[in-house]
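In what follows, a single structure is set out as structure tokens and then discussed.
Number of protein chains: 2
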Amino acid sequence: MNSYKAPLKDLSFIFNHLLDQEQLAQLPGLEDLGVDLYESILDEAGKFATNVLDPINASGDREGLKIADGVVTTPKGFKEAYAQYTQAGWNNISLELEFGGQGLPYILSTAVNEIMMSANKSFVMCSGLTIGAIEAISHAGSDELKQKYLPKLVSGEWGGTMNLTEPGAGSDVGALKTKAIDQGDGTYRIHGQKIFITFGEHDFTDNIIHLVLARLPDAPEGVRGISLFLVPKFMVNDDGSLGERNDLRCVSIEHKLGIHASPTCVMAYGDNEGAQGYLVGEKNKGLMAMFVMMNMARLTVGMEGVALTERSYQAALDYARERLQGVDAETGQSVAIIEHADVRRQLLQMKSNVEAMRALSLFIAQAQDISFRHADAEVCQHNQGLVDLLIPVFKAWATETALKTTTTGIQVHGGLGFIEETGVAQYLRDAVISVIYEGTTAIQAADLVGRKVVKDQGKNLGVLIGLMKQTLAQAEANADLADIAFELKYAIELLEQHSRAIAGQFMQSTKQALSVSVPYLMLTGLVTGAWQLAQSAVKASELLAAGDSNVNFLKGKIETARFYHKAVLPEIRGLAYTVSNTGSVITGFDNVYFGE
Amino acid sequence: MNSYKAPLKDLSFIFNHLLDQEQLAQLPGLEDLGVDLYESILDEAGKFATNVLDPINASGDREGLKIADGVVTTPKGFKEAYAQYTQAGWNNISLELEFGGQGLPYILSTAVNEIMMSANKSFVMCSGLTIGAIEAISHAGSDELKQKYLPKLVSGEWGGTMNLTEPGAGSDVGALKTKAIDQGDGTYRIHGQKIFITFGEHDFTDNIIHLVLARLPDAPEGVRGISLFLVPKFMVNDDGSLGERNDLRCVSIEHKLGIHASPTCVMAYGDNEGAQGYLVGEKNKGLMAMFVMMNMARLTVGMEGVALTERSYQAALDYARERLQGVDAETGQSVAIIEHADVRRQLLQMKSNVEAMRALSLFIAQAQDISFRHADAEVCQHNQGLVDLLIPVFKAWATETALKTTTTGIQVHGGLGFIEETGVAQYLRDAVISVIYEGTTAIQAADLVGRKVVKDQGKNLGVLIGLMKQTLAQAEANADLADIAFELKYAIELLEQHSRAIAGQFMQSTKQALSVSVPYLMLTGLVTGAWQLAQSAVKASELLAAGDSNVNFLKGKIETARFYHKAVLPEIRGLAYTVSNTGSVITGFDNVYFGE
Numbered sequence: 001m002n003s004y005k006a007p008l009k010d011l012s013f014i015f016n017h018l019l020d021q022e023q024l025a026q027l028p029g030l031e032d033l034g035v036d037l038y039e040s041i042l043d044e045a046g047k048f049a050t051n052v053l054d055p056i057n058a059s060g061d062r063e064g065l066k067i068a069d070g071v072v073t074t075p076k077g078f079k080e081a082y083a084q085y086t087q088a089g090w091n092n093i094s095l096e097l098e099f100g101g102q103g104l105p106y107i108l109s110t111a112v113n114e115i116m117m118s119a120n121k122s123f124v125m126c127s128g129l130t131i132g133a134i135e136a137i138s139h140a141g142s143d144e145l146k147q148k149y150l151p152k153l154v155s156g157e158w159g160g161t162m163n164l165t166e167p168g169a170g171s172d173v174g175a176l177k178t179k180a181i182d183q184g185d186g187t188y189r190i191h192g193q194k195i196f197i198t199f200g201e202h203d204f205t206d207n208i209i210h211l212v213l214a215r216l217p218d219a220p221e222g223v224r225g226i227s228l229f230l231v232p233k234f235m236v237n238d239d240g241s242l243g244e245r246n247d248l249r250c251v252s253i254e255h256k257l258g259i260h261a262s263p264t265c266v267m268a269y270g271d272n273e274g275a276q277g278y279l280v281g282e283k284n285k286g287l288m289a290m291f292v293m294m295n296m297a298r299l300t301v302g303m304e305g306v307a308l309t310e311r312s313y314q315a316a317l318d319y320a321r322e323r324l325q326g327v328d329a330e331t332g333q334s335v336a337i338i339e340h341a342d343v344r345r346q347l348l349q350m351k352s353n354v355e356a357m358r359a360l361s362l363f364i365a366q367a368q369d370i371s372f373r374h375a376d377a378e379v380c381q382h383n384q385g386l387v388d389l390l391i392p393v394f395k396a397w398a399t400e401t402a403l404k405t406t407t408t409g410i411q412v413h414g415g416l417g418f419i420e421e422t423g424v425a426q427y428l429r430d431a432v433i434s435v436i437y438e439g440t441t442a443i444q445a446a447d448l449v450g451r452k453v454v455k456d457q458g459k460n461l462g463v464l465i466g467l468m469k470q471t472l473a474q475a476e477a478n479a480d481l482a483d484i485a486f487e488l489k490y491a492i493e494l495l496e497q498h499s500r501a502i503a504g505q506f507m508q509s510t511k512q513a514l515s516v517s518v519p520y521l522m523l524t525g526l527v528t529g530a531w532q533l534a535q536s537a538v539k540a541s542e543l544l545a546a547g548d549s550n551v552n553f554l555k556g557k558i559e560t561a562r563f564y565h566k567a568v569l570p571e572i573r574g575l576a577y578t579v580s581n582t583g584s585v586i587t588g589f590d591n592v593y594f595g596e
Numbered sequence: 001m002n003s004y005k006a007p008l009k010d011l012s013f014i015f016n017h018l019l020d021q022e023q024l025a026q027l028p029g030l031e032d033l034g035v036d037l038y039e040s041i042l043d044e045a046g047k048f049a050t051n052v053l054d055p056i057n058a059s060g061d062r063e064g065l066k067i068a069d070g071v072v073t074t075p076k077g078f079k080e081a082y083a084q085y086t087q088a089g090w091n092n093i094s095l096e097l098e099f100g101g102q103g104l105p106y107i108l109s110t111a112v113n114e115i116m117m118s119a120n121k122s123f124v125m126c127s128g129l130t131i132g133a134i135e136a137i138s139h140a141g142s143d144e145l146k147q148k149y150l151p152k153l154v155s156g157e158w159g160g161t162m163n164l165t166e167p168g169a170g171s172d173v174g175a176l177k178t179k180a181i182d183q184g185d186g187t188y189r190i191h192g193q194k195i196f197i198t199f200g201e202h203d204f205t206d207n208i209i210h211l212v213l214a215r216l217p218d219a220p221e222g223v224r225g226i227s228l229f230l231v232p233k234f235m236v237n238d239d240g241s242l243g244e245r246n247d248l249r250c251v252s253i254e255h256k257l258g259i260h261a262s263p264t265c266v267m268a269y270g271d272n273e274g275a276q277g278y279l280v281g282e283k284n285k286g287l288m289a290m291f292v293m294m295n296m297a298r299l300t301v302g303m304e305g306v307a308l309t310e311r312s313y314q315a316a317l318d319y320a321r322e323r324l325q326g327v328d329a330e331t332g333q334s335v336a337i338i339e340h341a342d343v344r345r346q347l348l349q350m351k352s353n354v355e356a357m358r359a360l361s362l363f364i365a366q367a368q369d370i371s372f373r374h375a376d377a378e379v380c381q382h383n384q385g386l387v388d389l390l391i392p393v394f395k396a397w398a399t400e401t402a403l404k405t406t407t408t409g410i411q412v413h414g415g416l417g418f419i420e421e422t423g424v425a426q427y428l429r430d431a432v433i434s435v436i437y438e439g440t441t442a443i444q445a446a447d448l449v450g451r452k453v454v455k456d457q458g459k460n461l462g463v464l465i466g467l468m469k470q471t472l473a474q475a476e477a478n479a480d481l482a483d484i485a486f487e488l489k490y491a492i493e494l495l496e497q498h499s500r501a502i503a504g505q506f507m508q509s510t511k512q513a514l515s516v517s518v519p520y521l522m523l524t525g526l527v528t529g530a531w532q533l534a535q536s537a538v539k540a541s542e543l544l545a546a547g548d549s550n551v552n553f554l555k556g557k558i559e560t561a562r563f564y565h566k567a568v569l570p571e572i573r574g575l576a577y578t579v580s581n582t583g584s585v586i587t588g589f590d591n592v593y594f595g596e
């Protein structure tokens with residue numbers, strides 16, 4: 001198997017030429033930073049990923065997890081790698097300075113996340129979930145809870161989890177049944193079972209801080225009756241030392257298609273006297289407290305799509321360059337399969353998609369940085385609007401695309417791709433869950449249509465389309481990019497038309513609109529990717545004209561954008577047609593027609 | 001996990017209303033048969049699949065295979081099931097009567113194959129490969145070889161294998177290096193290693209008859225220097241009893257993404273004195289002898305796509321009907337997820353694809369039956385032309401589609417889909433290899449464009465399009481199907497246009513044409529599927545008008561066709577665009593642009 005190399009050249013291009021470093025450098029807290037620092041950190045991240053995480057990725061997948069008496073053992077090398085990871089601070093790049101975070105921008109943590117997840121997705125999930133817990137406590141917790149728990153969560157000394165799902169309540173969180181009973185002394189007793197708890201139990205850290213959604217006895221039904229509780233595995237004494245074991249345990253771990261080294265736990269709270277917990281935020285407002293970090297969690301899951309596509313692409317490219325098969329019709333010489341016409345198409349499909357997704361991820365991260373830090377509330381709102389709009393698009397489009405690209409990665413390897421030792425099958429297996437957790441593709445699509453496009457009457461979408469049209473004007477002004485501009489123009493028009501169409505449908509029949517919301521989301525994702533690659537092509541063309549010496553890389557950027565616009569983007573033609581014409585067929589399909 | 005049920009209603013519809021039973025009943029050997037008999041056999045096949053094969057499918061996947069000292073042990077229950085399978089004659093439905101086959105038509109064996117593979121793909125591969133070996137021996141072998149080996153291969157008492165691939169020779173069979181040395185006594189000694197040998201070693205049968213491609217010392221290079229040899233695991237005495245063990249062994253078995261119960265073997269021939277073998281057919285014409293069964297083998301692999309889509313659809317449909325999640329906005333009642341707009345879309349995607357693929361598979365099988373049996377050479381040629389044209393389309397389109405549909409099947413299950421015990425992840429894992437073996441999708445596409453469309457100057461394609469236009473005329477004459485006719489008309493036009501376009505490209509630049517040959521193939525597959533479903537809708541509409549009581553089934557047929565035409569078929573718009581516009585971008589992409 002080949003060794004992972006961080007895509008530093010592409011990241012450098014994006015950081016230098018697509019992101020607005022001037023504006024970023026003016027944001028509070030980022031004044032003394034700059035692209036040189038970011039690049040040196042990305043370089044270090046790449047080394048860590050290549051040297052520490054990548055070598056235990058396939059072995060971790062093969063070895064998997066062990067559980068005995070509620071104790072989970074992670075694969076060989078994982079615990080040690082975690083110690084190195086947190087010691088180097090890879091776990092808290094963008095966390096607030098106050099509790100020990102590094103206060104660096106999301107553009108950096110997002111890029112680092114891609115790198116680390118390319119090398120070892122299972123491994124990174126522990127700190128990913130911990131960050132989610134930190135953000136919830138940070139946002140909604142009392143000062144006491146923050147002081148007591150945040151420093152060790154931020155340092156990585158303790159792990160954190162998010163406990164939402166129950167056997168009867170998956171996407172419908174409001175249906176959960178776990179109970180919390182007020183003890184009158186500032187603590188609560190929690191009773192209930194949670195499933196699909198990522199890193200609910202493990203051996204990376206001495207303590208694990210669980211955030212658990214539960215219902216108080218007098219709570220209203222549904223999502224308005226859910227409270228959030230902090231439930232430590234070991235109670236924490238006032239001096240910070242660990243006290244007695246809390247009444248919670250990992251009942252079992254799941255046997256999964258992928259992410260074999262990431263324990264997915266069934267957790268039992270309160271087998272005996274009840275697990276002790278503390279209320280985080282207000283009663284019955286737990287879902288809000290937990291949804292604070294939803295955008296960043298969804299961005300992270302979207303990054304999994306980028307990361308696994310990149311990893312699979314690297315493996316496929318290396319193999320395509322080494323593997324001899326067949327002879328060239330003209331020369332009669334043996335050729336590497338990269339010369340085969342269809343293998344080139346496959347590699348370009350992977351390359352163009354990953355570069356489009358990566359550029360979009362960092363555009364979103366930048367908007368989030370601006371929104372969180374800018375002094376002008378209007379600027380913040382403008383940028384937050386873009387984040388809110390683009391998060392469901394990116395999450396679903398990037399993860400769905402990764403299913404295709406990682407499958408392509410297998411196919412480039414021929415029969416070898418199907419052999420587990422080759423390593424590329426793992427990327428597909430690891431990628432499948434990303435279209436499901438943190439909200440399925442259908443949930444992202446419903447969020448996009450109902451809450452992001454219809455609710456503000458297309459305002460944020462209008463802002464996005466305005467940005468796309470700026471890029472379009474630049475591409476149109478560049479004769480070498482005429483064909484790209486032509487495709488982008490058509491794509492933007494389709495997006496505008498079908499956004500209006502689905503919003504209109506939504507007003508008439510929510511169900512009909514939702515039945516074509518996934519095709520609409522994928523259309524939006526594809527067009528957004530085209531916009532990012534067109535922007536890349538514009539910049540690359542400018543740099544070439546200015547005599548930049550990185551000729552092959554920059555020409556490759558332009559040709560990759562060209563391929564995407566002609567061989568990836570055109571899928572929107574079918575999607576658009578489906579959005580306009582299918583709603584009533586789907587909703588009108590009688591249940592008995594599915595079979596009796 | 002739900003229990004598999006054979007899709008007898010859909011098969012009955014196809015057998016009665018889409019196939020030409022009148023013509024079939026006039027073919028030599030089929031005169032006394034008829035749809036009643038076929039249906040009763042399919043009913044029995046369904047029972048066998050449900051009761052014997054389905055119950056050991058997931059357990060076989062979990063348990064996998066064991067190897068010790070070259071002896072392969074299949075999972076619990078497999079050996080016993082194989083004995084039942086062959087005793088019931090499921091292994092030789094369409095084999096010739098002469099050596100013990102049942103001489104039944106391919107339409108029947110194709111449908112039975114779907115049923116059995118839905119229930120347990122790994123299991124069925126043993127007899128699938130054996131049939132390939134039988135057909136090669138039957139076609140090219142001497143009478144002596146036929147008499148000695150065919151009866152026990154046909155009965156299933158012995159297994160058969162196909163040994164093509166070597167470490168350095170995958171799709172490029174001509175590069176193989178295994179040697180054969182003439183002993184001057186009618187036997188040859190074989191030396192070499194073969195990989196990816198399906199059921200190369202197992203415990204189902206007492207003997208295994210390997211068909212091995214190898215080179216004689218004086219053979220020309222490349223594909224014109226390959227001969228085919230019959231190499232038994234145990235030598236066979238003149239009285240039919242087993243003699244000494246031959247000099248061949250299974251070195252290892254692969255650890256694969258899927259089909260865990262189907263041993264994929266590395267085979268070593270001639271570690272010592274050389275494995276004894278017999279020439280099958282003429283010297284240096286081995287590839288031709290082996291390619292005789294290529295069409296039927298590719299049809300079988302295409303059926304794997306149908307089978308796994310059906311299995312995954314059944315699991316998803318059952319789950320969607322049972323799983324309560326969320327409440328209906330209007331009634332406030334809990335609803336099963338089949339009511340969720342996007343789940344309906346997902347189920348319809350699976351249902352419409354599987355019905356399109358199934359109908360096409362049986363159309364091809366029928367053409368093959370006519371071609372093999374009809375008295376009029378012209379009729380045979382006409383039908384064989386359709387088979388030759390449609391086989392690569394069906395093989396690649398059905399297997400590629402299965403990757404999407406089995407992924408959808410996982411997604412319908414939400415997080416549970418990712419848990420192996422749920423069972424639906426296996427369908428995806430089992431499906432992945434089908435796009436690779438028996439010729440990758442790229443190879444099917446090259447075959448389609450180069451040998452099937454260009455070579456005969458579009459003659460057979462013209463025949464196919466003529467048939468599509470007949471269906472179109474029927475749909476156009478039916479007011480209820482106006483929208484389906486509209487879509488089909490556009491689709492046929494696109495297919496005609498882009499067939500001409502890619503043929504033109506092929507003459508100018510083979511590489512450019514091949515670089516878009518997969519999108520062209522997928523376009524062809526989608527249009528062919530639309531044609532079959534339009535035909536189904538026409539028939540269903542006629543039956544409804546005639547007062548057929550199967551109202552829900554028939555209305556479902558029409559609406560399924562409608563969904564396909566509006567939400568599946570439109571993908572051709574993007575594919576067509578790519579076919580026309582991308583060739584030069586792909587072939588012109590400099591290798592260094594992929595990265596340095």
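Here the protein sequences line up with chains A and B, keeping their order.
With our numbering, letter number 253 in the first sequence gets 253, and the count goes up by one each step, no holes.
With our numbering, letter number 187 in the second sequence gets 187, and the count goes up by one each step, no holes.
We put the CB at the ideal spot given by N, CA and C, even for glycine.
>> Under 8 Å, Cβ to Cβ, is there at least one residue of chain A near T406(B)?
In response: One-based indexing of the second sequence puts residue 406(B) at position 406. No, T406(B) does not count as interfacial toward chain A.
>> Am I right that L242(B) and V251(B) are in contact with their C-beta atoms under 8 Å? What's the rounded C-beta distance?
In response: By one-based count along the second sequence, residue 242(B) stands at place 242. By one-based count along the second sequence, residue 251(B) stands at place 251. That belief does not hold up - the Cβ atoms of L242(B) and V251(B) are roughly 22 Å apart, past 8 Å.
>> Between which residues of its own chain and E39(A) is the CB-CB distance below 7 Å, once the five residues before and five after are set aside?
In response: Indexing the first sequence from 1 puts residue 39(A) at position 39. Result list for E39(A): S12 and F15, in chain order.
> In or out: R245(B) buried (at least 16 other Cβ within 10 Å) or exposed?
Replying inline: For the purposes of this step, residue 245(B) is taken as residue 245 along the second sequence, with counting starting at 1. Under this definition R245(B) is an exposed residue.
>> Let's test the definition: count the other Cβ atoms within 10 Å of the Cβ of A540(B) and tell me whether it reaches 16, buried, or not, exposed.
In response: Taking the second sequence and counting its residues from 1, the one referred to as residue 540(B) is at position 540. Its Cβ being crowded by 16 or more others within 10 Å, A540(B) is buried.
>> Given this structure, state the Cα-to-Cα distance separating Q314(A) from S3(A), to the nearest angstrom.
In response: Walking along the first sequence from the start, residue 314(A) turns up at place 314. Walking along the first sequence from the start, residue 3(A) turns up at place 3. Going from the Cα of Q314(A) to the Cα of S3(A) covers about 9 Å.
> Along chain A, in chain order, which residues have C-beta atoms closer than 7 Å to that of E420(B)?
Replying inline: In the second sequence, counting from the first residue as 1, residue 420(B) sits at position 420. Residues of chain A passing the Cβ test: H255, K256 and L257.
>> Please list, in chain order, the chain B residues whose beta carbon lies closer than 7 Å to that of L317(A).
In response: Position 317 of the first sequence holds residue 317(A). Within chain B, the residues near L317(A) are F594 and G595.
> Which residues of chain A have a Cβ atom closer than 8 Å to the Cβ of E571(B), listed in chain order?
Replying inline: As a working note, residue 571(B) is residue 571 in the second sequence. Near E571(B) (Cβ distances below 8 Å), the residues of chain A are E571 and G574.
> How is the alpha helix (DSSP H) around G614(B) delimited, first residue to last?
Replying inline: In the structure as shown, chain B begins at 1 and stops at 596. Residue 614(B) is therefore absent and cannot be evaluated.
> What three-state label does DSSP hand V354(A) in the structure shown?
Replying inline: Along the first sequence, one-based indexing puts residue 354(A) at 354. Residue state, collapsed to three classes: helix.
>> Here's the rule I'm using: 16 or more other beta-carbon atoms within 10 Å means buried, otherwise exposed. How should N353(B) be labelled?
In response: In the second sequence, the residue the question calls residue 353(B) occupies position 353. So N353(B) counts as buried.
>> Please classify F418(A) as buried or exposed, where buried requires at least 16 other C-beta atoms within 10 Å of its C-beta.
In response: Here residue 418(A) is taken as the residue at index 418 of the first sequence, counted from 1. The residue in question, F418(A), is buried, as its Cβ has 16 or more Cβ neighbours within 10 Å.
> How many whole angstroms separate the CB atoms of P263(B) and G186(B), which I take to be in contact at a CB cut-off of 8 Å?
Replying inline: Here residue 263(B) corresponds to residue number 263 of the second sequence, with the count starting at 1. Here residue 186(B) corresponds to residue number 186 of the second sequence, with the count starting at 1. Their Cβ separation, rounded to whole angstroms, is 31 Å, which puts P263(B) and G186(B) out of contact at 8 Å.
> Does the beta-carbon of T330(B) have 16 or more other beta-carbons within 10 angstroms, so that it is buried, or is it exposed?
Replying inline: Within the second sequence, residue 330(B) is the residue found at index 330, counting from 1. The amino acid at residue 330(B) is misidentified as Thr; the sequence shows Glu. Per the 10 Å Cβ criterion, exposed.
> Residues of chain A with a CB under 8 Å from the CB of R562(B): which are they?
Replying inline: As a first step, residue 562(B) must be located in the second sequence, where it is residue number 562. Near R562(B) (Cβ distances below 8 Å), the residues of chain A are V585.
> Leaving out five residues before and five after I107(B) in sequence, what residues of the same chain have Cβ atoms less than 8 Å from its Cβ?
Replying inline: To locate residue 107(B), count along the second sequence from 1; it is residue 107. So the qualifying residues of the chain are F15, L19, L24, Y38, L362, A365, Q366 and D369.
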